[in-house]
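Here our numbering = 1-based position in the sequence shown + 14.
Notes follow the structure.
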Amino acid sequence: MKTIIEHIGEVVSKAFEECGYDASYAKITISNRPDLCEYQCNGAMAAAKAYKKAPFMIADEVVEKLSGSSMFEKIESVKPGFININISAGYLADFVNSMSEKEKFGYEPEVTNKTVIVDYGGANAAKPLHVGHLRSAVIGESVKRIQKYAGNNVIGDVHLGDWGLQMGLIIEELRDRKPELPYFDENYTGEYPAEPPFTISELEEIYPTASAKSKDDEAFLARAHEATLKLQSGDKACTAIWHHIMNVSKADLKKNYDNLNVHFDLWKGESDAQPYIPDMIQSMIDSGLAYESQGATVVDIQEDTDTKELPPCIIRKSDGAALYATSDLATLVEREKMYHPDSYIYLADKRQELHFTQVFRVAKKAGIVKPDADMTFLGFGTMNGNDGKPFKTRSGGVMRLENLIADIQDAVYGKITENRTMDQAEARDTARIVGLAALKYGDLSNQASKDYVFDVERFTSFEGNTGPYILYTIVRIKSILAKYAAEGGKTDNLKLLPPVSASEKNLELALVKYLDVMEAAYMDKAPHKICQYIYEISNVFNGFYHDTKILAEQDKERKESYISLISLTKDILLSCIDLLGIECPERM
Ligand code: ARG
């Protein structure tokens, strides 16, 4: 349905036209001076130039035309030529009522039903998930949900890093540790026991050890490179070990992502793209797009409009090995073939910007995707510690995601058990939900491209712009509604009456922004806009709550109107947090 701003705009446009001015001047915005008015139109200022008239005269004429309208509580012209508008209580209540009745509160995005691939998560198999992957998972999950909500057919792919040097390092480390394994037998035939030759905890320790070793043991590094190449050319023993690594690692990754409430439709990885690589490279060579440069095969990506020089994209190294970009390109070949997507959204650290520029340009030049394919790279900033440097553990190492989550959940547990008695199991479960909310909201409330400081104390606070504060607001509404239901209050077909207090009107004015916010969050792929909105809703709700005796209200219709208003507030908040991938507990 149309937004309230659009409705006001139509009425004001008509007035501009009737006064002899172009309708396009009637642009309405939310007031940037809420102390003076709720909405404003500055069109008379712009029209003044075109019509060579004083802006105030134009504003006056338009206001004169609209003075009898039931849509406005107040419409006035103020010098030098602004039009200040307050909406009428009746009109506002009617609008809110119609939002309550509609599916998705009346949100009807224009462009829908597209197939969108969201490439996020991006964990590397056999390497522990660290906080660097947290942002990709959290932001990606929200971006994916926003796309779905807008009516698109969305495919989320974790796109595992499962084909790199880490595999060769693990294979060689395993050879040193367990030479008796059948895979290291020269005559290995390709049969292997179902039992993996390591547990997940062993695997997690094997990679960092091997990686450290490769830094000062050149021979070992050379062996790892060789094993990686062997794996990539289909060697049976290496492939068998690789399968083990993948099975063990994937099971663990699934568990971790499940704990984060992050869910993928596809569990594909770089390895799935490999079969497409030879033909892809050959056709780029045949078409003259790719050429040899210092033994490597490269594609130029520089465009006339670039302000700086961009290096060519290397698609094959001199030893024949494929690179990160090669895998991403071949993945596009597969995705086009299997899913025919209309658009792509990639999430990765913003330091990978050049990589994605190269991949997108080569994909278009090579005709892997359509020349006008809609491809977005959402690069995110770094999560820093309180010292402003990339987040580390106390001992200086890279913090594991599991530990980070446990820390924040423990902090929340401490808070919720501090001043009240709650059954221990319930308190743990609540801390799990609220802790995740603290973590995710702390991340999502910042514009993704910015760095932010991970601050457990601040994120877990029940006050301020935090996840727990938003959840606390929802839980508070739930508890009022539960009491109301326990009193036997009527709950269906409640009608909202025109607001009588300023705080009640403020809440409604905030709620009606929903349609604009959803559109902006969708178009800009910006979960932080939803965070801003629900923080505002929570603040104005709490203002209303402190001003109003909801359950003690004696007038039955007025009380029902309050209940209808707070139910809608709760439903909108719940729908918004779901788009952020955040859940809400029953109590907290
Ligand atoms: N595995 C990569 C990393 O850890 C991220 C993958 C991002 N997605 C992609 N299609 N390249 O940095």
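No residue lacks a Cβ here, since even glycine has one placed at the ideal position from N, Cα and C.
What does a CB cutoff of less than 6 Å around residue i pick up in its chain, not counting 5 residues either side in sequence?
{"i": "Y547", "result": "V531"}
{"i": "Y35", "result": "A61"}
{"i": "G104", "result": "P512"}
Within 7 Å: the Cβ of residue i and any heavy atom of the ligand ARG?
{"i": "A387", "result": "no"}
{"i": "Y483", "result": "no"}
{"i": "D286", "result": "no"}
{"i": "D36", "result": "no"}
{"i": "A362", "result": "yes"}
{"i": "G23", "result": "no"}
{"i": "N261", "result": "no"}
{"i": "G136", "result": "yes"}
{"i": "D342", "result": "yes"}
{"i": "L133", "result": "It is worth fixing the name first, because residue 133 is Asp in this sequence and not Leu. The answer is yes for D133."}
{"i": "H173", "result": "yes"}
Would you kindly work out how many angstroms separate the C-alpha atoms of residue i and residue j, rounded to a whole number?
{"i": "S83", "j": "N520", "result": "21 Å"}
{"i": "C51", "j": "N100", "result": "6 Å"}
{"i": "G428", "j": "H542", "result": "28 Å"}
{"i": "A251", "j": "Y197", "result": "5 Å"}
{"i": "T487", "j": "S493", "result": "10 Å"}
{"i": "P325", "j": "V312", "result": "10 Å"}
{"i": "Y303", "j": "A377", "result": "It is Leu, not Tyr, that sits at residue 303 in the sequence shown. Going from the Cα of L303 to the Cα of A377 covers about 11 Å."}
{"i": "E209", "j": "D190", "result": "19 Å"}
{"i": "V526", "j": "N111", "result": "10 Å"}
{"i": "N56", "j": "A40", "result": "8 Å"}
{"i": "G182", "j": "H239", "result": "6 Å"}
{"i": "H147", "j": "I586", "result": "29 Å"}
{"i": "S263", "j": "H144", "result": "14 Å"}
{"i": "L195", "j": "I259", "result": "14 Å"}
{"i": "K322", "j": "V276", "result": "38 Å"}
{"i": "I160", "j": "R237", "result": "46 Å"}
{"i": "I419", "j": "N273", "result": "9 Å"}
{"i": "G175", "j": "F119", "result": "40 Å"}
{"i": "Y121", "j": "K331", "result": "50 Å"}
{"i": "A64", "j": "L495", "result": "55 Å"}
{"i": "W281", "j": "Y305", "result": "33 Å"}
{"i": "N46", "j": "F96", "result": "12 Å"}
{"i": "K504", "j": "S581", "result": "12 Å"}
{"i": "K497", "j": "L80", "result": "44 Å"}
{"i": "E78", "j": "E32", "result": "11 Å"}
{"i": "D333", "j": "S247", "result": "12 Å"}
{"i": "D293", "j": "K379", "result": "16 Å"}
{"i": "D74", "j": "M602", "result": "53 Å"}
{"i": "E124", "j": "E416", "result": "40 Å"}
{"i": "G23", "j": "S38", "result": "9 Å"}
Check the C-beta distance from residue i over to residue j and give it rounded, since I have them as a contact under 8 Å.
{"i": "K19", "j": "I42", "result": "According to the sequence as given, residue 19 is Ile; it is not Lys. Right, their Cβ atoms sit about 5 Å apart."}
{"i": "I359", "j": "K539", "result": "6 Å"}
{"i": "P94", "j": "F70", "result": "6 Å"}
{"i": "A137", "j": "V172", "result": "7 Å"}
{"i": "A287", "j": "E348", "result": "6 Å"}
{"i": "A441", "j": "I430", "result": "6 Å"}
{"i": "P355", "j": "I131", "result": "5 Å"}
{"i": "L510", "j": "A107", "result": "5 Å"}
{"i": "K128", "j": "N98", "result": "Incorrect: roughly 40 Å between the Cβ atoms, too far for contact."}
{"i": "L243", "j": "W256", "result": "That belief does not hold up - the Cβ atoms of L243 and W256 are roughly 13 Å apart, past 8 Å."}
Tell me which same chain residues have a C-beta within less than 7 Å of the C-beta of residue i, skipping the five on either side of it?
{"i": "I544", "result": "V531, A535, C590, L593, L594"}
{"i": "A452", "result": "I422, V426, F473, T474, T480, G481, P482"}
{"i": "Y576", "result": "T562, I564, E567"}
{"i": "A241", "result": "G182, I185, E186, C252"}
{"i": "E8", "result": "For the chain, the structure presents residues 15 to 602; residue 8 sits outside this window and is missing."}
{"i": "E372", "result": "The sequence given here has Gln at residue 372, not Glu. The residues are I315, C327, A339."}
{"i": "Y221", "result": "A140, K141, Q180, L183, I184"}
{"i": "Y202", "result": "P196, K250, A251"}
Leaving out five residues on either side along the sequence, give the residues of the same chain with a beta carbon under 8 Å from the beta carbon of residue i.
{"i": "I153", "result": "Y134, L361, L392, F394, D457, L458, A462, P541"}
{"i": "N398", "result": "P404, F405, D465, Y466, V467, F468"}
{"i": "P599", "result": "D443, T444, I447, V448, L485, V489"}
{"i": "E350", "result": "I382, V383"}
{"i": "K364", "result": "G393, F394, G395, S463"}
Is the Cβ of residue i closer than 8 Å to any Cβ of chain C?
{"i": "T129", "result": "Checking the listed chains, one finds no chain C in this structure; it contains a single protein chain."}
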